[in-house]
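K.L.:
So our numbering is basically just the index in the sequence shown, starting at one, shifted up by 54. We treat Cβ as the ideally placed atom computed from N, Cα and C, and that holds for glycine. Here it is: the structure, laid out below.
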Amino acid sequence: MIRRLLAVLVVVWAIGFLWFAIALPQPAGPQRTEAIVVPTGSGGRIPRGIALLRDGQAERLLVTGVATEVRPAEFAAEYDVPQPMMECCVDLGFAALDTRGNAREAAGWVRANRIGSIRLVTSDWHMRRAALELDGELPADIIVLRDAVRSEPSLWALFLEYHKLLFAWAVRLWPD
């Protein structure tokens, strides 16, 4: 009986991992949102968020999880953001250290700025967990458009992220 249960669990885990690795989230279309939220991390996220802001897909941008030693002028220079755009439209969040922290920081920013819709820009392999954490922090009436940045993650990165996602789901199911 125990062996059968373990065998079923292994098969469910394997099918879940296969789905996770093969069906990575995709970039979003041209839908406009009020704001963009970009957690720091793997390459391509911040440039994608800035390009969307430049293209008028949103009015504001939050980059969450920025290292405390980064100064706005350095950020602007590294990502070629004009000073007027930095002043009006780009906010750097320094409070988050991980994905859950990104979600908390973004939710506080959304509430403080009375934002009703956001575009979440993160890596394709990170999108499911980032969206899960963000959904857990935001009010239900906030629209979240998932915009995945395509990448080529290693099998090891997918393996780790799949288990982080399973853990995040478990925490949501059993919060205490």
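1) Please classify I122: is it buried, with 16 or more other beta-carbons within 10 angstroms of its beta-carbon, or exposed?
2) Taking the alpha-carbon of A82 as reference, which of F71, A194 and V175 has the nearest alpha-carbon?
3) Taking buried to mean at least 16 other C-beta atoms within 10 Å of its own C-beta, is Q137 buried or exposed?
4) Go ahead and pull the three-state DSSP assignment for G147.
5) In the DSSP assignment, what are the bridge partners of V117?
6) In this structure, does DSSP put V225 in helix, strand or coil?
7) Can you tell me the Cα-Cα spacing of D201 and I76, whole angstroms?
8) Quick one: which unbroken alpha helix (DSSP H) runs of 4-plus residues sit fully inside the region 135-203? Chain order, please.
9) Let's test the definition: count the other Cβ atoms within 10 Å of the Cβ of Q111 and tell me whether it reaches 16, buried, or not, exposed.
10) Among E113, A149 and G147, which one has its Cα closest to the Cα of M139?
11) Return no unless some Cβ of chain D is closer than 8 Å to the Cβ of A222.
12) Do G98 and V203 have their beta-carbon atoms positioned less than 8 Å apart in this structure?
P.N.:
So, from the data block:
1) As written in the sequence, residue 122 is Thr, which differs from the Ile given in the question. It is exposed - the Cβ of T122 has fewer than 16 other Cβ atoms within 10 Å.
2) It is V175.
3) exposed
4) strand
5) In DSSP, V117 forms a bridge with V92 and L146.
6) helix
7) 17 Å
8) 137-143, 153-166 and 181-191
9) buried
10) E113
11) Of the protein chains in the structure, only one exists, and it is not chain D.
12) A contact, by the Cβ cut-off of 8 Å.
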